[in-house]
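Counting from 1, position 22 in the sequence shown corresponds to residue 21 in numbering that gives the first Met the number 0; the numbering is continuous, with no gaps. Note that the Cβ used here is the ideal one computed from N, Cα and C, for glycine as well. Working notes, structure below.
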Amino acid sequence: MQRIQSIPALKAADIQAEVQRLQQKKRNRLIFRNTLIFLLAVVALAVLLAQTIFPVMQTLGNSMAPTLQQGDTLVAVKTSKLHKGDLVAFYFNNRLLVKRVIGLPGDTVDIDKKGQVTVNGKALKEPYVKNLVKGEVNIKLPFEVPQERYFVLGDDRETTIDSRNSIVGTVAPDQLVGKVVLRVWPFERFGNPNQ
């Protein structure tokens with residue numbers, strides 16, 4: 000004779016608790032899935048914006064010192080309206096450079112022996128330049144900026160190679176990445192680097 004083991008009777012409360020546990024597990028999975036989809040969408044949007052409208056870059060070197068330092072993380076905005084004094088990011092030989100717009104199309108730029116820059120006969124006030132020096136110049140001065148080109152200089156005139164040198168020359172619109180509008184890192188210097 001075989002003994003039959005009895006199965007404990009399920010209580011309604013136990014069944015209800017198990018149903019609630021399974022429903023909560025399903026809700027948690029749904030929340031996790033929706034959160035993951037949302038985060039992926041945010042990342043995709045951030046990458047899209049960074050590539051198309053607000054490029055993000057990091058400075059290498061000190062050619063823009065003291066305005067920018069090595070490792071500063073910058074945000075630029077794509078624009079066709081540039082002004083004298085704007086910081087711009089542009090491509091040169093597959094490298095991303097940041098310099099300051101000094102001359103616009105049609106302007107005449109000159110630099111004297113002491114490094115004083117004049118544009119259209121007016122001396123520039125450049126509080127962002129530590130040491131006024133002429134630097135490495137191999138173009139004929141005074142220099143007339145061609146149409147649809149920009150004359151750019153680094154703020155550290157002693158070390159930077161910029162539009163004063165024919166290697167870099169003037170910057171064409173198709174080289175431009177954008178106007179630098181925000182420094183986001185290091186956080187203690189967060190803000191507009193143009194100010």
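{"Check": "Give the range of the beta strand (DSSP E) segment to which Ile101 is assigned.", "Outcome": "Arg94 to Gly102"}
{"Check": "Contact check, Ala64 vs Ala75 under 8 Å by CB: the rounded distance?", "Outcome": "With 8 Å as the limit, Ala64 and Ala75 do not qualify as a contact, their Cβ atoms being about 19 Å apart."}
{"Check": "For the beta strand (DSSP E) containing Met56, list its first residue and its last residue.", "Outcome": "Val55 to Gln57"}
{"Check": "Locate the beta strand (DSSP E) running through Thr107, then write down its first and last residues.", "Outcome": "Thr107 to Ile110"}
{"Check": "Cα separation between Gly105 and Gln146?", "Outcome": "6 Å"}
{"Check": "Near Tyr127, what residues of its chain come up, given a Cβ to Cβ distance below 8 Å and the 5 sequence neighbours on each side ignored?", "Outcome": "Pro65, Thr66, Arg99 and Asp154"}
{"Check": "Output yes or no for whether 9 Å exceeds the beta carbon distance between Ile110 and Leu86.", "Outcome": "no"}
{"Check": "I'd like the list of long-range same chain contacts for Thr117, defined as Cβ closer than 6 Å, with 5 residues on each side in sequence excluded.", "Outcome": "Asp109"}
{"Check": "Suppose the cutoff is 6 Å on Cβ atoms and the five residues either side in sequence are ignored; what does the same chain contact list for Ser165 look like?", "Outcome": "Asn137 and Ile138"}
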